[in-house]
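Working notes for the structure below.
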Amino acid sequence: MKLVFVNIMQELQRFDSTAYITQPPVPLAVLNAVTPKTIETALLDEQADRVRFEGDAFAFSVSTQNARAVYDHADALRAAGKKVILGGIHVTVCPDEAMRHADAIVTGEAEMLWPAVCEDLLAGTLRERYDGSPTPPSQMKPVDYRFFGERSYLTPASLFATRGCNRRCSFCVSSRYMGPYRTKPLDVLEQEIDQLAVLYPGAFLQFTDDNLLADRNYGAKLLALLRRNKRRFVTMVTVDQFCDSALMEEMAASGCLGVAVGVESLDDDNCASVSKFQNLRQPFADAVRHANASGIQTGALIMVGLPHDTPERLERTLHYLKQIPCSVFDIRILRIYPSTALYREMLSSGDVTEEWWLEKGSASTCNHLLPSCLSMHFRHASFDPMQLQHMALRLIAELNVMKQDSVSRIVGIGRRGHGLKFAGTMLFVRKRLSGQARMLQKQVEQAMAMNAVTTMA
Numbered sequence: 003m004k005l006v007f008v009n010i011m012q013e014l015q016r017f018d019s020t021a022y023i024t025q026p027p028v029p030l031a032v033l034n035a036v037t038p039k040t041i042e043t044a045l046l047d048e049q050a051d052r053v054r055f056e057g058d059a060f061a062f063s064v065s066t067q068n069a070r071a072v073y074d075h076a077d078a079l080r081a082a083g084k085k086v087i088l089g090g091i092h093v094t095v096c097p098d099e100a101m102r103h104a105d106a107i108v109t110g111e112a113e114m115l116w117p118a119v120c121e122d123l124l125a126g127t128l129r130e131r132y133d134g135s136p137t138p139p140s141q142m143k144p145v146d147y148r149f150f151g152e153r154s155y156l157t158p159a160s161l162f163a164t165r166g167c168n169r170r171c172s173f174c175v176s177s178r179y180m181g182p183y184r185t186k187p188l189d190v191l192e193q194e195i196d197q198l199a200v201l202y203p204g205a206f207l208q209f210t211d212d213n214l215l216a217d218r219n220y221g222a223k224l225l226a227l228l229r230r231n232k233r234r235f236v237t238m239v240t241v242d243q244f245c246d247s248a249l250m251e252e253m254a255a256s257g258c259l260g261v262a263v264g265v266e267s268l269d270d271d272n273c274a275s276v277s278k279f280q281n282l283r284q285p286f287a288d289a290v291r292h293a294n295a296s297g298i299q300t301g302a303l304i305m306v307g308l309p310h311d312t313p314e315r316l317e318r319t320l321h322y323l324k325q326i327p328c329s330v331f332d333i334r335i336l337r338i339y340p341s342t343a344l345y346r347e348m349l350s351s352g353d354v355t356e357e358w359w360l361e362k363g364s365a366s367t368c369n370h371l372l373p374s375c376l377s378m379h380f381r382h383a384s385f386d387p388m389q390l391q392h393m394a395l396r397l398i399a400e401l402n403v404m405k406q407d408s409v410s411r412i413v414g415i416g417r418r419g420h421g422l423k424f425a426g427t428m429l430f431v432r433k434r435l436s437g438q439a440r441m442l443q444k445q446v447e448q449a450m451a452m453n454a455v456t457t458m459a
């Protein structure tokens, strides 16, 4: 029996894979480690491999962004007599939908029950559904990164130290899927860090945790471990953590090269409307300058299409953000994820398309032209769909423009933080984002013009 773990790309990567920071699908390596040795395993990662389905059974990790593509593959494989197992965040929140495309689904965290799933697969007695439970820290084992072989990723040394999130933002599905906040034992984490140092010498660590430093006591011990091992790293932080100057100085001293900050909106009423209360009344601009001085690159994660956004507000946002010296601006249109409080609210009001993730792009909203992070499947009181999409592309293009002062600043931050290689990565991503946005902006403008002519006729 040959079981293939499959990672299908998300839509943004299909438009320009270099605009997306590719990283190994670590959760699949976690499952591979607990697969019985009686089963031969392999990895098919569309980020790095040519898609060829060669095996007896296939286990897919499913997100909302790749669900429709995964279902298409799964249906074809089952028609050819192959066994298909689906799991991941989207399967957990949409189990009935996923069961229509699989021989078995696994909800929640799978590693505790995965050996039993595999035994049933071998015996030909797969159940329709397996429900996983949050893995306790005592059962978390080191990931074997040799599973990824010689594949090339932009950030190969990706890992996670925590699971879950203690926040309850109304647009986010992670807290429901990942369960309560838990921390990986530091001795297990140190084994992973040592392994990554051997496999990818010189590569910075990328922590993919939703909220790495939510437990400040654990966070302090983790930073001490990183300082002791002299490993450079990048991670995500919340706005309140980012604006804590003492914490950021400690991170810089521990080898932090860069942080992605969940800003979402500069307007407090927008943040409050999606329960992002930790963002309220925070001195973000000052914190960016402090991070730059400490040698930490800042990536600002901005969401447009929030309830109180208007064309005038976004114009002000664009003007204001041009004055803030972030290394990269990641702009995305609000995603209405299934099972979230925001999805339920908008579904009841008729403002979101039910099961939008299963639809093909609609020409009237330019969805067929754009990656999923810029597509629209909901109504906004202040914008026509193409108007909001065009504004999002303007923000990406103008905020990430490659001016000499921006390039010099990013390189200077890299020198201060002993991270010139990471500074190069930031410049690479910034250039690709800006170039892609300008190209797509022209296509949207053409579609808007055609739509105007059609409306007049």
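First residue of the sequence shown? That's 3 in our numbering, and the numbers climb one at a time after it.
C-beta: ideal position from N, C-alpha, C; glycine also.
1. According to the neighbour-count rule (16 or more other Cβ atoms, all chains shown, within 10 Å of its Cβ), is methionine 404 buried or exposed?
2. I need the DSSP call for valine 119, collapsed to helix, strand or coil.
3. Taking 8 Å as the limit between beta carbons, can you name the residues of its chain near isoleucine 412, skipping five residues before and five after?
4. Could you give the DSSP three-state label for leucine 268: helix, strand or coil?
5. Since arginine 396 is in the alpha helix (DSSP H), which residue starts that stretch and which ends it?
6. Report buried or exposed for arginine 291, applying the criterion of at least 16 other Cβ atoms within 10 angstroms of its Cβ.
7. Helix, strand or coil for arginine 337 per DSSP?
8. Taking 8 Å as the threshold, find out whether the segment 44-51 comes into contact with the segment 148-165 through three or more Cβ pairs.
9. Give the secondary structure of alanine 104 by DSSP, where H, G and I count as helix, E and B as strand, and everything else as coil.
10. Is any beta-carbon of chain D found at less than 8 Å from that of cysteine 375?
11. Determine the DSSP secondary structure at glycine 57, reduced to helix, strand or coil.
12. I'd like the span of the alpha helix (DSSP H) that includes glutamine 193, first residue to last.
13. Just checking my contact of methionine 388 with alanine 449 at CB under 8 Å: how many whole Å lie between their CB atoms?
14. For proline 27, which residues of its own chain have a beta-carbon under 7 Å away from its beta-carbon, when the five flanking residues on both sides are left out?
15. Within the same chain, show all residues whose beta-carbon is closer than 8 Å to that of isoleucine 335, passing over the 5 residues directly before and after it, in chain order.
16. Under 7 Å Cβ to Cβ from lysine 186, same chain only, skipping five residues before and after it: list those, please.
17. Exposed or buried, what is glutamine 325 when buried is set at 16 or more other beta-carbons lying within 10 Å of its beta-carbon?
18. Taking the straight line between their C-alpha atoms, what separation do you get for valine 409 and arginine 129?
19. Closer than 7 Å by C-beta to leucine 30: which residues in its own chain qualify, once you throw out the five before and the five after it? Chain order, please.
20. Need the endpoints of the beta strand (DSSP E) that glutamine 299 sits in, please.
21. Output the boundary residues of the alpha helix (DSSP H) element that contains glutamate 347.
22. Using a threshold of 8 Å, state whether the C-beta atoms of alanine 460 and histidine 92 are closer than that.
23. Would you call the segment 131-138 and the segment 107-120 touching, i.e. three or more CB-CB distances under 8 Å?
24. Classify arginine 54: buried if its beta carbon has 16 or more other beta carbons within 10 angstroms, exposed otherwise.
25. So, is threonine 127 buried or exposed, given that buried needs 16 or more other C-beta atoms within 10 angstroms?
26. Using DSSP's beta-bridge definition, name the partner residues of alanine 262.
27. Can you grab the Cα-Cα spacing for the pair lysine 39 / glutamine 208, in whole Å?
28. Where does phenylalanine 162 fall in DSSP's three states?
29. Which residue wins for smallest C-alpha separation from asparagine 402, given the options Glu121, Lys444, Gly301, Ser350?
30. Report all residues from its chain with a CB closer than 6 Å to the CB of proline 144; omit the five preceding and five following residues, and keep chain order.
31. Reducing DSSP to helix, strand and coil, say where phenylalanine 460 ends up.
32. What span of residues does the alpha helix (DSSP H) with glycine 414 cover, start to end?
33. According to the neighbour-count rule (16 or more other Cβ atoms, all chains shown, within 10 Å of its Cβ), is proline 285 buried or exposed?
34. Ordered along the chain, which non-local residues of its own chain (more than five positions away) have a Cβ less than 8 Å from that of leucine 124?
35. Using a Cβ distance threshold of 8 Å, determine whether the segment 227-237 contacts the segment 250-266, with at least three qualifying pairs required.
36. With respect to the alpha helix (DSSP H) encompassing valine 276, which residues constitute its N-terminal and C-terminal limits?
So, from the data block:
1. The residue given as residue 404 occupies position 402 in the sequence shown. Classification for methionine 404: exposed.
2. By 1-based counting over the sequence shown, the position of residue 119 is 117. DSSP places valine 119 in helix when its eight states are reduced to three.
3. One-based indexing of the sequence shown puts residue 412 at position 410. Around isoleucine 412: Gln299, Ser329, Ala425, Met428, Leu429, Arg432.
4. Mapped onto the sequence shown, residue 268 falls at position 266. Three-state result, leucine 268: coil.
5. Position 394 of the sequence shown, counted from the start, is the residue given in the question as residue 396. Here the alpha helix (DSSP H) through arginine 396 covers 387-401.
6. On the sequence shown, position 289 is the one that residue 291 refers to. So arginine 291 ends up on the exposed side.
7. On the sequence shown, position 335 is the one that residue 337 refers to. Reduced to three states, the DSSP call for arginine 337 is coil.
8. yes
9. Numbered from its first residue, the sequence shown carries residue 104 at position 102. In this structure, alanine 104 counts as coil in the three-state DSSP scheme.
10. The chain inventory of the structure shown lacks chain D, comprising one protein chain alone.
11. Walking along the sequence shown from the start, residue 57 turns up at place 55. Correct three-state label for glycine 57: coil.
12. By one-based count along the sequence shown, residue 193 stands at place 191. Counting along the chain, the alpha helix (DSSP H) containing glutamine 193 begins and ends at 188-201.
13. As a working note, residue 388 is residue 386 in the sequence shown. As a working note, residue 449 is residue 447 in the sequence shown. So it is a contact: roughly 6 Å between Cβ atoms.
14. Sequence index remark: in the sequence shown, residue 27 carries index 25 (1-based). Answer for proline 27: Asn9, Asp47, Ser63, listed in chain order.
15. Residue mapping note: residue 335 aligns to position 333 of the sequence shown, counting from 1. If we look at isoleucine 335 and ignore the five residues flanking it on each side, its Cβ neighbours are Met305, Val306, Gly307, Cys375, Leu376, Ser377, Met378, Leu390, Gln391, Ala394.
16. Here residue 186 refers to the residue found at position 184 when the sequence shown is read from its first residue. Cβ neighbours of lysine 186 beyond the five flanking positions: Pro139, Met142, Ala163, Thr164.
17. Looking up residue 325 in the sequence shown gives position 323. It counts as exposed.
18. As a first step, residue 409 must be located in the sequence shown, where it is residue number 407. As a first step, residue 129 must be located in the sequence shown, where it is residue number 127. Distance between the alpha carbons of valine 409 and arginine 129: 55 Å.
19. Within the sequence shown, residue 30 is the residue found at index 28, counting from 1. Same-chain partners within the cutoff: Phe7, Asn9, Leu45, Ser63.
20. The residue you call residue 299 lines up with position 297 of the sequence shown. Per DSSP, glutamine 299 belongs to the beta strand (DSSP E) from 299-306.
21. Within the sequence shown, residue 347 is the residue found at index 345, counting from 1. Counting along the chain, the alpha helix (DSSP H) containing glutamate 347 begins and ends at 343-351.
22. Not covered by the structure: residue 460. The range shown for the chain is 3 to 459.
23. yes
24. Taking the sequence shown and counting its residues from 1, the one referred to as residue 54 is at position 52. It is exposed - the Cβ of arginine 54 has fewer than 16 other Cβ atoms within 10 Å.
25. Mapped onto the sequence shown, residue 127 falls at position 125. Looking at its Cβ environment, which holds fewer than 16 other Cβ atoms inside 10 Å, threonine 127 is exposed.
26. Here residue 262 is taken as the residue at index 260 of the sequence shown, counted from 1. Alanine 262 pairs with Met238, Gly301.
27. Mapped onto the sequence shown, residue 39 falls at position 37. Mapped onto the sequence shown, residue 208 falls at position 206. Approximately 30 Å, taken between the alpha carbons.
28. Residue 162 sits at position 160 when you count from the first residue of the sequence shown. Coil, per DSSP.
29. Translated into positions along the sequence shown, residue 402 becomes position 400. Considering only alpha carbons, the answer is Gly301.
30. Here residue 144 is taken as the residue at index 142 of the sequence shown, counted from 1. Closer than 6 Å at the Cβ level, and outside the excluded window around proline 144, lie Val190, Gln193, Glu194.
31. Because the chain spans 3 through 459 in this model, residue 460 falls outside it and cannot be assessed.
32. Position 412 of the sequence shown holds residue 414. 406-418 is the extent of the alpha helix (DSSP H) around glycine 414.
33. Taking the first residue of the sequence shown as position 1, residue 285 is located at position 283. Label assigned to proline 285: exposed.
34. Locating residue 124 in the sequence shown gives position 122, where the first residue counts as 1. Hits under 8 Å: Met3, Pro38, Thr40, Ile41.
35. yes
36. Counted from its first residue, the sequence shown places residue 276 at position 274. Note, valine 276: premise wrong, no alpha helix (DSSP H); not H, not E.
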